[in-house]
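Student: Last residue of the sequence shown: number 88 in full-length UniProt numbering, and the count goes up by one each step with no gaps.
Ideal placement from N, C-alpha and C gives every residue a C-beta, glycine not left out.
All figures in this text were calculated on a predicted structure; none of them were measured in a lab.
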Amino acid sequence: MKIVGHTTTVRKSLAIPVKFYSLKDVAGILGFKWKNPNFKGYDAMLALGKWKRTKDQSIMKKVLEYNEDDCKALKVLKERLVEMINTN
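What follows is the structure, encoded as structure tokens:
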């Protein structure tokens, strides 16, 4: 299995009006909506640390939702890139 970051592939494949090519920016342009749009990767890291100390399940729920949304957003991006390849 080869792991590839989305940024290089997207910059080469899509001309889109975003300042940064973060997954949130790119998938957002493609129509993906996050459950917690203001919760960022750094927030997830901090929340995970807090969960480790407190075992508060509401914190873990937010972290899991963030990770689930990232996976779903990446799927949307992948499907769009495959669609572009197949139509050209």
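List in chain order: all unbroken alpha helix (DSSP H) runs of 4+ residues lying wholly within the UniProt domain "YprB ribonuclease H-like" (19-81).
Tutor: 23-29 and 41-54
Student: Tell me which residues share the same chain as I16 and place their Cβ nearer than 6 Å to its Cβ, disregarding the 5 neighbours each side in the sequence.
Tutor: Walking along the sequence shown from the start, residue 16 turns up at place 16. Within the same chain, I16 has close Cβ partners I29.
Student: Taking just the CA atoms, how far does E65 sit from A47?
Tutor: Taking the first residue of the sequence shown as 1, we reach residue 47 at position 47. Taking the first residue of the sequence shown as 1, we reach residue 65 at position 65. Per the coordinates, the alpha-carbon of A47 lies some 12 Å from the alpha-carbon of E65.
Student: When you compare the CB positions of V76 and F32, do they come within less than 7 Å of one another, or not?
Tutor: Sequence index remark: in the sequence shown, residue 76 carries index 76 (1-based). Sequence index remark: in the sequence shown, residue 32 carries index 32 (1-based). Yes, the Cβ-Cβ distance between V76 and F32 is below 7 Å.
Student: When burial is assigned at 16 or more other CB atoms within 10 Å of the CB, is V18 buried or exposed?
Tutor: Locating residue 18 in the sequence shown gives position 18, where the first residue counts as 1. When all chains shown are included, V18 counts as exposed.
Student: In or out: D69 buried (at least 16 other Cβ within 10 Å) or exposed?
Tutor: Stepping through the sequence shown from its first residue, residue 69 is reached at position 69. Classification for D69: buried.
Student: Less than 7 Å between the beta carbons of L81 and S13, yes or no?
Tutor: Reading the sequence shown from its first residue, position 81 is the one you call residue 81. Reading the sequence shown from its first residue, position 13 is the one you call residue 13. Taking 7 Å as the Cβ cut-off, L81 and S13 qualify as a contacting pair.
Student: Counting C-beta neighbours from all protein chains within 10 Å, is the total for K62 16 or more, i.e. buried, or is it exposed?
Tutor: By 1-based counting over the sequence shown, the position of residue 62 is 62. Per the 10 Å Cβ criterion, buried.
Student: May I have the straight-line CA-CA distance separating R11 from T54, to the nearest angstrom?
Tutor: Here residue 11 refers to the residue found at position 11 when the sequence shown is read from its first residue. Here residue 54 refers to the residue found at position 54 when the sequence shown is read from its first residue. So the two alpha carbons sit approximately 40 Å from each other.
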